[in-house]
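Colleague: Could you have a look at this structure, given as structure tokens, before my questions?
Number of protein chains: 2
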Amino acid sequence: MEIMDSRDLEQLLRNKDFKTIRTELPLMRDADIAFVIEDLSPENAILVFRTLPKDRAAEIFAYLASEMQEHIIGAITDQEVGSLINQLYVDDAADFLEELPANMVKRVLKNASPETRALINEFLQYPPESAGSIMTAEFVDLKKDMTVAQAFTRIRRIAIDKETVYTCYVIDANRHLEGVITVKRLFLATDETVLDDIMETNVIYAYTTDDQEEVAQLFAKYDLLSLPIVDHEHRLVGIVTVDDVVEVIHQEATEDFQKMAAMAPSEKPYLRTSVFSLAKHRITWLMILMISAMITGGVLAKYEAAFIALPLLVTFIPMLTDTGGNAGSQSSTLVIRGMALNEISTKDFGKVFLKELAVSLLVGLALSIVNFGRLLLMYPGEYMIAFTVSLALYFTVVLAKTVGGILPLVAKLFNTDPAIMAAPVITTIVDAFSLIIYFKIVEALLF
Amino acid sequence: MEIMDSRDLEQLLRNKDFKTIRTELPLMRDADIAFVIEDLSPENAILVFRTLPKDRAAEIFAYLASEMQEHIIGAITDQEVGSLINQLYVDDAADFLEELPANMVKRVLKNASPETRALINEFLQYPPESAGSIMTAEFVDLKKDMTVAQAFTRIRRIAIDKETVYTCYVIDANRHLEGVITVKRLFLATDETVLDDIMETNVIYAYTTDDQEEVAQLFAKYDLLSLPIVDHEHRLVGIVTVDDVVEVIHQEATEDFQKMAAMAPSEKPYLRTSVFSLAKHRITWLMILMISAMITGGVLAKYEAAFIALPLLVTFIPMLTDTGGNAGSQSSTLVIRGMALNEISTKDFGKVFLKELAVSLLVGLALSIVNFGRLLLMYPGEYMIAFTVSLALYFTVVLAKTVGGILPLVAKLFNTDPAIMAAPVITTIVDAFSLIIYFKIVEALLF
Numbered sequence: 013m014e015i016m017d018s019r020d021l022e023q024l025l026r027n028k029d030f031k032t033i034r035t036e037l038p039l040m041r042d043a044d045i046a047f048v049i050e051d052l053s054p055e056n057a058i059l060v061f062r063t064l065p066k067d068r069a070a071e072i073f074a075y076l077a078s079e080m081q082e083h084i085i086g087a088i089t090d091q092e093v094g095s096l097i098n099q100l101y102v103d104d105a106a107d108f109l110e111e112l113p114a115n116m117v118k119r120v121l122k123n124a125s126p127e128t129r130a131l132i133n134e135f136l137q138y139p140p141e142s143a144g145s146i147m148t149a150e151f152v153d154l155k156k157d158m159t160v161a162q163a164f165t166r167i168r169r170i171a172i173d174k175e176t177v178y179t180c181y182v183i184d185a186n187r188h189l190e191g192v193i194t195v196k197r198l199f200l201a202t203d204e205t206v207l208d209d210i211m212e213t214n215v216i217y218a219y220t221t222d223d224q225e226e227v228a229q230l231f232a233k234y235d236l237l238s239l240p241i242v243d244h245e246h247r248l249v250g251i252v253t254v255d256d257v258v259e260v261i262h263q264e265a266t267e268d269f270q271k272m273a274a275m276a277p278s279e280k281p282y283l284r285t286s287v288f289s290l291a292k293h294r295i296t297w298l299m300i301l302m303i304s305a306m307i308t309g310g311v312l313a314k315y316e317a318a319f320i321a322l323p324l325l326v327t328f329i330p331m332l333t334d335t336g337g338n339a340g341s342q343s344s345t346l347v348i349r350g351m352a353l354n355e356i357s358t359k360d361f362g363k364v365f366l367k368e369l370a371v372s373l374l375v376g377l378a379l380s381i382v383n384f385g386r387l388l389l390m391y392p393g394e395y396m397i398a399f400t401v402s403l404a405l406y407f408t409v410v411l412a413k414t415v416g417g418i419l420p421l422v423a424k425l426f427n428t429d430p431a432i433m434a435a436p437v438i439t440t441i442v443d444a445f446s447l448i449i450y451f452k453i454v455e456a457l458l459f
Numbered sequence: 013m014e015i016m017d018s019r020d021l022e023q024l025l026r027n028k029d030f031k032t033i034r035t036e037l038p039l040m041r042d043a044d045i046a047f048v049i050e051d052l053s054p055e056n057a058i059l060v061f062r063t064l065p066k067d068r069a070a071e072i073f074a075y076l077a078s079e080m081q082e083h084i085i086g087a088i089t090d091q092e093v094g095s096l097i098n099q100l101y102v103d104d105a106a107d108f109l110e111e112l113p114a115n116m117v118k119r120v121l122k123n124a125s126p127e128t129r130a131l132i133n134e135f136l137q138y139p140p141e142s143a144g145s146i147m148t149a150e151f152v153d154l155k156k157d158m159t160v161a162q163a164f165t166r167i168r169r170i171a172i173d174k175e176t177v178y179t180c181y182v183i184d185a186n187r188h189l190e191g192v193i194t195v196k197r198l199f200l201a202t203d204e205t206v207l208d209d210i211m212e213t214n215v216i217y218a219y220t221t222d223d224q225e226e227v228a229q230l231f232a233k234y235d236l237l238s239l240p241i242v243d244h245e246h247r248l249v250g251i252v253t254v255d256d257v258v259e260v261i262h263q264e265a266t267e268d269f270q271k272m273a274a275m276a277p278s279e280k281p282y283l284r285t286s287v288f289s290l291a292k293h294r295i296t297w298l299m300i301l302m303i304s305a306m307i308t309g310g311v312l313a314k315y316e317a318a319f320i321a322l323p324l325l326v327t328f329i330p331m332l333t334d335t336g337g338n339a340g341s342q343s344s345t346l347v348i349r350g351m352a353l354n355e356i357s358t359k360d361f362g363k364v365f366l367k368e369l370a371v372s373l374l375v376g377l378a379l380s381i382v383n384f385g386r387l388l389l390m391y392p393g394e395y396m397i398a399f400t401v402s403l404a405l406y407f408t409v410v411l412a413k414t415v416g417g418i419l420p421l422v423a424k425l426f427n428t429d430p431a432i433m434a435a436p437v438i439t440t441i442v443d444a445f446s447l448i449i450y451f452k453i454v455e456a457l458l459f
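Line order of the protein sequences matches chains A and B. To convert, count from 1 in the first sequence and add 12; that's this note's numbering. To convert, count from 1 in the second sequence and add 12; that's this note's numbering.
The structure is reproduced here in structure tokens:
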């Protein structure tokens with residue numbers, strides 16, 4: 013059987029057929045093995061994990077969810093823990109330890125080799141979402157006086173432990189980064205060429221404290237496979253590889269989706285997040301927005317006389333506020349996303365304002381005309397009511413779009429996250445103003 | 013000067029100092045050169061483009077925005093067009109031609125070499141957003157009876173024209189894909205080893221017609237640098253490289269942001285999109301949602317008697333509908349994003365429903381208690397009104413969250429894009445139901 017699923021595995025475990033597991037399971041890929049292990053009961057997962065070939069156990073372990081990692085660490089011997097942690101790439105080790113309870117972290121570090129322990133401790137100190145927190149220490153370093161042939165010899169000797177071998181880093185005796193050279197460049201040179209003559213010295217790099225989002229932007233801009241990370245003395249301490257960047261891009265987009273829907277961001281997959289934690293991430297913003305919406309209610313209270321005199325006016329409120337909210341969140345979404353992709357910056361303030369103004373004048377006109385027609389169909393002869401509501405709709409759309417387009421930029425100017433100025437906040441603001449506009453026009457035209 | 017910006021360049025152009033441009037500009041990276049060219053006037057851009065070294069012009073051209081590409085093509089000679097198109101990687105060439113007016117496409121293809129023309133024509137036939145449309149034809153192919161040393165010789169001979177050399181593809185005489193082998197694997201083997209003995213035959217691949225989103229998911233799952241793409245006879249026709257996948261991930265997230273804010277998706281950066289095109293992408297959904305919100309207005313009309321008798325009731329409407337909309341869009345956003353990341357599928361329907369129900373019971377309770385307290389503060393002694401509104405709020409939140417969590421899954425079951433079931437649609441649906449709930453409770457408790 014070429015692909016085993018968790019049911020096949022459970023069948024083999026029931027039959028105690030460890031021999032088949034031992035020979036068949038390793039034919040699958042690391043990510044797929046982790047995937048079936050995740051689906052097993054904790055007891056079975058450990059039985060299966062122990063059958064894995066020693067040289068692949070660490071890689072497969074790195075693919076597992078943190079609960080399963082914790083469970084496995086709790087069940088294996090100190091010696092097994094030690095061999096596992098020593099074999100993990102240091103970025104995977106740090107990720108895994110960050111999710112582990114403190115007493116288990118202690119046990120893991122106690123069983124690690126002194127070098128691994130020192131390296132992991134260093135990595136654990138980088139701030140979350142920094143370049144340091146996603147980099148790995150396993151890269152190929154070369155010296156600039158080496159020839160291409162010598163470089164190849166060194167790469168072939170140390171490749172087995174390195175996360176990537178395709179971009180090599182040239183450092184001096186003090187580990188200062190002097191240049192980079194790709195294996196493709198080495199392939200194209202003759203064996204006798206000295207690295208100094210062909211290495212790229214105009215190196216793109218990031219600092220350990222840089223934000224992971226900036227790192228991801230460098231990868232996108234320059235089509236990189238890996239990026240050297242230096243400390244503040246410009247010593248090379250690690251590299252970020254493109255597979256981790258792919259994860260960062262997904263993670264940053266997910267965070268923005270969550271913030272834009274008025275939630276505290278969380279990295280954990282939905283189905284693995286507890287009800288209590290989901291509720292906790294949602295309640296703060298809902299509470300703030302609920303209280304703000306009460307202010308909008310206060311606005312309405314001031315116009316009680318109008319809607320007692322003409323109750324029909326109340327029935328247009330959902331259409332006005334919803335359309336305003338939707339129009340505003342279209343604009344804010346485009347601007348927030350444009351800022352996340354570095355396409356829009358605060359210096360484009362004027363451009364965005366004029367563009368949204370122009371778009372809203374067009375869109376507002378189309379909506380108002382359709383609305384006017386529909387109202388006349390439903391309430392024949394009521395020209396003034398139809399005109400009043402359509403005019404209010406027009407101004408609401410224009411206001412919603414200009415405010416929606418500009419507020420994310422304003423947030424940035426005040427060093428706040430633009431993603432906060434998304435649908436929920438925009439809707440709340442636009443609601444209040446659209447109702448004021450509506451009743452002001454009502455007062456002017458109908459009473 | 014190490015980095016030139018567009019102002020430096022303009023100064024040099026005014027001085028007609030092409031010599032400095034010719035020597036200094038190429039010291040910069042391709043992406044950065046394209047970046048400064050973008051900022052120049054069209055006339056200056058062409059002058060600068062013509063100074064670029066022949067072997068890098070195509071790479072830099074590929075980084076330019078389509079308007080600038082079109083402008084350059086319009087201004088250079090047939091011979092220059094020919095040399096440019098022959099040097100472009102075929103995926104970049106196809107991307108560029110897709111944005112070009114038909115008459116210019118004709119001119120470009122006429123000046124391409126027959127082989128390039130045939131290849132580009134083939135690539136232009138793949139559906140948009142398919143694996144075929146993002147793949148490139150420039151990969152390293154090997155034969156399984158080669159030794160490692162022979163493989164290295166071949167790679168070094170052909171590396172210069174290949175987009176990546178780090179994963180090589182083993183094909184038979186009919187171009188059927190037999191295996192893959194990474195350069196890292198080659199480094200770790202001895203020179204005499206035959207590829208057949210060390211290549212990976214359990215190959216991950218995709219078909220030309222597969223969706224680019226599925227391709228991106230394979231990269232994320234298996235940490236790939238490139239992926240072979242085969243036709244339906246299983247012949248290797250191209251590869252997708254990770255830099256293109258990074259672009260796809262950004263693009264797919266942007267599309268989802270746009271759809272979730274009720275817009276027709278567009279790939280073009282905001283500042284480069286015309287007002288008319290922005291308006292066109294927004295108007296359809298605004299119109300649909302506006303008309304739907306009128307139905308909600310119709311619901312309100314049925315309860316006119318209630319709010320004439322007690323006008324205060326109207327002032328709670330924005331709070332109820334906004335909180336319902338926000339609560340619902342939190343849930344729908346998490347589920348839509350979870351589905352985009354392949355973490356949630358339609359078989360998790362029951363789990364999502366129960367989770368959202370539990371979360372909404374908790375969150376609804378907290379909001380209702382705060383709301384009850386606030387109403388008593390504002391309207392002392394009005395216990396029944398405070399209780400009525402808070403009860404309506406509770407049911408609204410529970411309904412909003414369960415509906416918000418489930419509708420994206422329902423959309424998927426009907427083969428519709430789940431991203432449509434985001435804030436705007438959820439808000440419109442929840443608005444109508446929350447008002448019905450509100451006035452039903454009002455009728456039962458207050459009248």
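For each residue, glycine too, the CB sits at the ideal point set by N, CA and C.
For Arg386(B), go through chain A and note every residue whose CB falls closer than 8 Å to its CB, in chain order.
Modeller: Residue 386(B) sits at position 374 when you count from the first residue of the second sequence. Arg386(B) reaches chain A at Ile303, Met306, counting residues in chain order whose Cβ is nearer than 8 Å.
Colleague: Could you check where the beta strand (DSSP E) with Gly191(B) kicks off and where it finishes?
Modeller: Here residue 191(B) refers to the residue found at position 179 of the second sequence. Gly191(B) -> beta strand (DSSP E) spans 189 to 194.
Colleague: Can you tell me where the beta strand (DSSP E) with Thr179(A) in it begins and where it stops?
Modeller: As a position in the first sequence, residue 179(A) is number 167, starting the count at 1. First-last of the beta strand (DSSP E) with Thr179(A): 179 to 183.
Colleague: In chain order, what residues of the stretch 74 to 105 of chain A put their CB closer than 8 Å to some CB of chain B?
Modeller: none
Colleague: Mind checking if Gln270(A) is an interface residue toward chain B, Cβ cutoff 8 Å exclusive?
Modeller: Position 258 of the first sequence, counted from the first residue, corresponds to residue 270(A). True, the Cβ-Cβ gap to chain B drops below 8 Å.
Colleague: Listing by chain order, which chain A residues have their CB less than 7 Å from the CB of Phe328(B)?
Modeller: In the second sequence, the residue the question calls residue 328(B) occupies position 316. Correct list: Gly309.
Colleague: Taking only beta carbons into account, state which residues of the stretch 161 to 179 of chain A come closer than 7 Å to chain B, listed in chain order.
Modeller: Ile167, Arg168, Ala171, Ile172, Val177, Tyr178
Colleague: In chain order, what residues of the same chain have a beta carbon less than 8 Å from the beta carbon of Met13(A), not counting five sequence neighbours either side?
Modeller: The sequence position of residue 13(A) within the first sequence is 1, counting from 1. In this prediction, Met13(A) has a pLDDT of 44, which is less than 50 and means its spatial position is unreliable; nothing more can be read from the coordinates.
Colleague: When the Cα atoms are used, what is the spatial distance from Glu394(A) to Asn383(A)?
Modeller: Residue 394(A) sits at position 382 when you count from the first residue of the first sequence. Residue 383(A) sits at position 371 when you count from the first residue of the first sequence. Approximately 13 Å between the Cα atoms of the pair.
Colleague: Taking the DSSP output, what are the residues bridged to Tyr219(A)?
Modeller: On the first sequence, residue 219(A) is found 207 positions in, with the first residue counted as 1. The beta-bridge partner set that DSSP reports for Tyr219(A) consists of Val242(A).
Colleague: Given a cut-off of 8 Å, decide if Thr148(A) and Gly250(A) are closer than it, judged by their beta-carbon atoms.
Modeller: Within the first sequence, residue 250(A) is the residue found at index 238, counting from 1. Within the first sequence, residue 148(A) is the residue found at index 136, counting from 1. Against a cut-off of 8 Å, the Cβ pair of Thr148(A) and Gly250(A) comes out as a contact.
Colleague: Note down, in chain order, every chain A residue with its Cβ under 8 Å from the Cβ of Tyr406(B).
Modeller: Position 394 of the second sequence holds residue 406(B). By Cβ distance, chain A contributes nothing, its closest Cβ being about 12 Å from Tyr406(B), past 8 Å.
Colleague: Quick one: does Asp443(A) have its CB under 8 Å from some CB of chain B?
Modeller: For this step, residue 443(A) is matched to residue 431 along the first sequence. For Asp443(A), the answer is yes, since a Cβ of chain B falls inside 8 Å of its Cβ.
Colleague: Rounded to whole angstroms, what's the CA-CA distance from Leu2(B) to Ser238(B)? Just pull it up for me.
Modeller: Because chain B in this structure spans residues 13 to 459, residue 2(B) falls outside the shown range and cannot be described.
Colleague: Using a Cβ cut-off of 8 Å, pull out every chain B residue sitting near Arg19(A), in sequence order please.
Modeller: By one-based count along the first sequence, residue 19(A) stands at place 7. Within 8 Å Cβ-Cβ: nothing; Arg19(A) doesn't reach chain B, min ~15 Å.
Colleague: For Val215(B), I'd like the list of residues in its chain whose CB is within less than 7 Å of its CB, leaving aside the five on either flank, ordered along the chain.
Modeller: For the purposes of this step, residue 215(B) is taken as the residue at position 203 of the second sequence. Cβ neighbours of Val215(B) beyond the five flanking positions: Leu189, Gly191, Val192, Pro240.
Colleague: To the nearest angstrom, how far is the alpha carbon of Val422(B) from that of Pro430(B)?
Modeller: Numbered from its first residue, the second sequence carries residue 422(B) at position 410. Numbered from its first residue, the second sequence carries residue 430(B) at position 418. Their Cα atoms are separated by approximately 8 Å.
Colleague: Residues in the same chain with beta-carbon distance under 6 Å from Ala274(A), minus the five sequence neighbours each way, listed in chain order, please.
Modeller: Position 262 of the first sequence, counting from 1, holds the residue named residue 274(A). Trp297, Pro436, listed in sequence order.
Colleague: So, is the C-beta of Asp360(B) closer than 8 Å to a C-beta in chain A?
Modeller: Residue 360(B) sits at position 348 when you count from the first residue of the second sequence. At a cut-off of 8 Å between beta-carbon atoms, Asp360(B) makes contact with chain A.
Colleague: Just to confirm the assignment, what range does the beta strand (DSSP E) spanning Ile251(A) have?
Modeller: Stepping through the first sequence from its first residue, residue 251(A) is reached at position 239. 248 to 253 is the extent of the beta strand (DSSP E) around Ile251(A).
Colleague: Measuring straight from C-alpha to C-alpha, what distance separates Arg129(B) and Glu92(B)?
Modeller: As a position in the second sequence, residue 129(B) is number 117, starting the count at 1. As a position in the second sequence, residue 92(B) is number 80, starting the count at 1. Taking the straight line joining both Cα atoms gives about 16 Å.
Colleague: Can you tell me whether Thr345(B) is helix, strand or coil according to DSSP?
Modeller: The sequence position of residue 345(B) within the second sequence is 333, counting from 1. Reduced to three states, the DSSP call for Thr345(B) is helix.
Colleague: In terms of residue numbering, what span does the alpha helix (DSSP H) encompassing Lys122(B) cover?
Modeller: What you label residue 122(B) is simply residue 110 of the second sequence in a count that begins at 1. Residues 114 to 123.
Colleague: Name, going along the chain, the residues of the stretch 329 to 344 of chain A whose beta-carbon falls closer than 9 Å to a beta-carbon of chain D.
Modeller: Chain labels in this structure do not include chain D; the protein chains are A and B.
Colleague: Assuming contact is defined by CB atoms lying nearer than 8 Å, are Thr345(A) and Phe151(B) in contact in what I supplied?
Modeller: Reading the first sequence from its first residue, position 333 is the one you call residue 345(A). Reading the second sequence from its first residue, position 139 is the one you call residue 151(B). No. Outside cutoff.
Colleague: What number of angstroms, rounded off, separates the C-alpha of Leu369(A) from the C-alpha of Leu388(A)?
Modeller: Numbered from 1 along the first sequence, position 357 holds the residue referred to as residue 369(A). Numbered from 1 along the first sequence, position 376 holds the residue referred to as residue 388(A). Computed Cα separation, rounded: 28 Å.
Colleague: Have a look at the DSSP bridge pairing and note the partners of Leu154(A).
Modeller: If you number the first sequence from 1, residue 154(A) lands on position 142. Answer by DSSP bridge pairing, in chain order: Val182(A).
Colleague: Less than 8 Å between CB atoms is the rule here; does Asn383(B) satisfy it with respect to chain A?
Modeller: Residue mapping note: residue 383(B) aligns to position 371 of the second sequence, counting from 1. Judged by the 8 Å Cβ criterion, Asn383(B) is in contact with chain A.
Colleague: Please classify Gly309(A) as buried or exposed, where buried requires at least 16 other C-beta atoms within 10 Å of its C-beta.
Modeller: As a working mapping, residue 309(A) is identified with position 297 in the first sequence. So Gly309(A) ends up on the buried side.
Colleague: Just verifying my parser: in three-state terms, what is the DSSP assignment at Met13(B)?
Modeller: If you number the second sequence from 1, residue 13(B) lands on position 1. With a pLDDT of 44 at Met13(B), under the threshold of 50, the modelled position of that residue is not reliable, and the figure given next carries that caveat. DSSP places Met13(B) in coil when its eight states are reduced to three.
Colleague: Could you tell me the distance, in whole angstroms, from the CA atom of Asn186(A) to the CA atom of Arg247(A)?
Modeller: Counting from 1 along the first sequence, the entry for residue 186(A) is found at position 174. Counting from 1 along the first sequence, the entry for residue 247(A) is found at position 235. The straight-line gap from Cα to Cα measures roughly 7 Å.
Colleague: Is the Cβ-Cβ distance between Ala77(A) and Val252(A) less than 8 Å?
Modeller: On the first sequence, position 65 is the one that residue 77(A) refers to. On the first sequence, position 240 is the one that residue 252(A) refers to. Result no, Cβ atoms of Ala77(A) and Val252(A) do not sit closer than 8 Å.
Colleague: Alpha carbons only, please: which of Ile85(A), Asn123(A), Tyr315(A), Gln137(A) is nearest the one belonging to Leu59(A)?
Modeller: In the first sequence, counting from the first residue as 1, residue 59(A) sits at position 47. The shortest C-alpha separation from Leu59(A) is found at Ile85(A).
Colleague: Using the Cβ count rule (16 or more neighbours within 10 Å means buried), how would you classify Glu264(B)?
Modeller: The residue given as residue 264(B) occupies position 252 in the second sequence. When all chains shown are included, Glu264(B) counts as buried.
Colleague: When the Cα of Gly350(B) is compared with those of Ile448(A), Gly350(A), Val326(A), Arg284(A), which residue comes out closest?
Modeller: Locating residue 350(B) in the second sequence gives position 338, counting from the first residue. Of the candidates Ile448(A), Gly350(A), Val326(A), Arg284(A), the one whose C-alpha sits nearest the C-alpha of Gly350(B) is Arg284(A).
Colleague: Closer than 7 Å, Cβ to Cβ, to anything on chain B: give me those residues from the stretch 272 to 297 of chain A, in chain order.
Modeller: Ala273, Ala274, Met275, Pro281, Tyr282, Leu283, Val287, Leu290, Ala291, Arg294, Ile295
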